[in-house]
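Per our numbering, residue -2 is the first one in the sequence shown, and the count goes up by one each step. Backbone N, C-alpha and C fix where the C-beta goes; we use that ideal spot for every residue, glycine too. So the structure is just underneath, and the comments pick up after that.
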Amino acid sequence: MRAGATRLVHLSDLHFGLERADLVQPLFEAVEAAGPDLVVVSGDLVQRARKAQFIAARRFLDRLTAPWVAVPGNHDIPLFNLAGRLLWPFAGYRRHICADLSPGRRLRDLRIFGINSAWPLSWRGGIARRADIDRLCRELTEGAKDVTNILLFHHPMQEPPGFERGETIGAEAALPRLAAAGLHVILSGHLHRFDPGLFVTRDRTRPILQVQGATALCGRAGETAHGFAILDFDGPHLVVTPCPALDGPVRFGPAPPFRYSRAEGEWRLL
Ligand SMILES: [Fe+2]
Ligand SMILES: [Fe+2]
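What follows is the structure, given as structure tokens:
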């Protein structure tokens, strides 16, 4: 599906500063080849919130032809600089990536809401802050009804099997409120594992489809499943195409897509 669809490229967990250098140019070329209307980045743009790392991440994003929008992750706030972590945790991110930690975009019949889930009091976990969820619910309730509403959020609101860490404080309480207010999709990262539509199967529907992003570039030992995803939205239909990194020669290439459809407020895998 492309004709008439609105195409997002979902990148996550770039981890500049600990990036796989050999994947950077292939990632750039693959995103350019996908020709998205918008690139969305769900956090952990850098490894240690250092200036040079932010500059490298920003340079990568600014090379892209498409516009981009991002939210911070837990790695985008200082870890070892305790004063910086507690007193001005987002100073580097704001200066080099985006002053707005919760940016929004309207793109044809898509509304994209970014919310910051990074939390200086937890080195790995995140938080769905009550005030942010209240504001989002208000905007969803008062906004247009014939749109697809998408939340960009670093930490997973729903944790896939094998990752039940309870790391996102407030998520359990927020989810039913967001569903009732009209949220349709969550794009998240943090787990460094791709999962196209959490808990949505042919037999099981859900009002919110969470697309869990892989890490695009992280070079940490043991990271093997690099990738990103292409999302084509067309009315109530969504096609999620994973683009994993492939070896020899290194490149990102499309894998078989997952097709979802929304009817009566519930997503189903086709
Ligand atoms: Fe990460
Ligand atoms: Fe993270």
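Distance cut-off 7 Å: residue i Cβ against heavy atoms of ligand 1
i	result
ASP10	yes
HIS189	yes
THR212	yes
CYS268	Limits of the chain in this structure are -2 at one end and 267 at the other, which puts residue 268 out of reach.
Beta-carbon gap between residue i and residue j smaller than 8 Å
i	j	result
LEU61	VAL37	no
THR145	VAL182	yes
ALA125	THR165	yes
LEU118	ASP34	no
LEU98	VAL68	yes
ARG162	GLU169	no
PRO208	PRO23	At residue 208 the sequence reads Val, which differs from the Pro that was named. Taking 8 Å as the Cβ cut-off, VAL208 and PRO23 do not qualify as a contacting pair.
HIS189	CYS215	yes
LEU89	PHE150	Position check: residue 89 holds Gly in this sequence, whereas Leu was assumed. No.
CYS240	PHE225	yes
ASP41	ASN71	yes
LEU133	LEU175	yes
GLY219	SER9	no
PHE191	ALA211	yes
VAL318	PRO253	Shown here, the chain extends from -2 to 267; a query on residue 318 therefore has no answer.
THR3	LEU107	yes
Proximity test, residue i beta-carbon vs ligand 2 heavy atom, cut-off 7 Å
i	result
ASN113	no
Burial state of residue i, where buried means 16 or more other Cβ atoms lie within 10 Å
i	result
ALA0	exposed
ASP131	exposed
GLU261	exposed
TRP120	exposed
ALA141	exposed
ARG265	buried
ASP129	buried
GLU16	buried
ASP244	exposed
THR221	exposed
PRO75	buried
GLY32	exposed
GLY269	Lying before the first or after the last residue shown, residue 269 is absent from the chain, which here runs from -2 to 267.
ALA18	exposed
LEU180	buried
ASP73	buried
THR138	exposed
ALA96	exposed
GLY232	exposed
LEU267	exposed
Report task. Could you name the residues whose beta carbon sits closer than 5 Å to any heavy atom belonging to ligand 2, keeping them in chain order? Result -> Here the residues come out as ASP41, GLY70, ASN71 and HIS187.
Query raised in the report: For the region 49 to 74, which segments carrying the alpha helix (DSSP H) assignment without a break, of at least 4 residues, lie completely within its bounds, in sequence order?
Result: The qualifying runs do not exist here; there are none.
Report task. Scan the region 87 to 155 and note each continuous alpha helix (DSSP H) run of 4 residues or more that stays entirely inside, going in chain order. Result -> Whole alpha helix (DSSP H) segments, 4+ residues: 88 to 93 and 127 to 139.
Query raised in the report: Where are the beta strand (DSSP E) runs, 3 residues long or more, that stay fully inside the region 174 to 258, in chain order?
Result: Runs found: 182 to 185, 206 to 209, 224 to 231 and 234 to 243.
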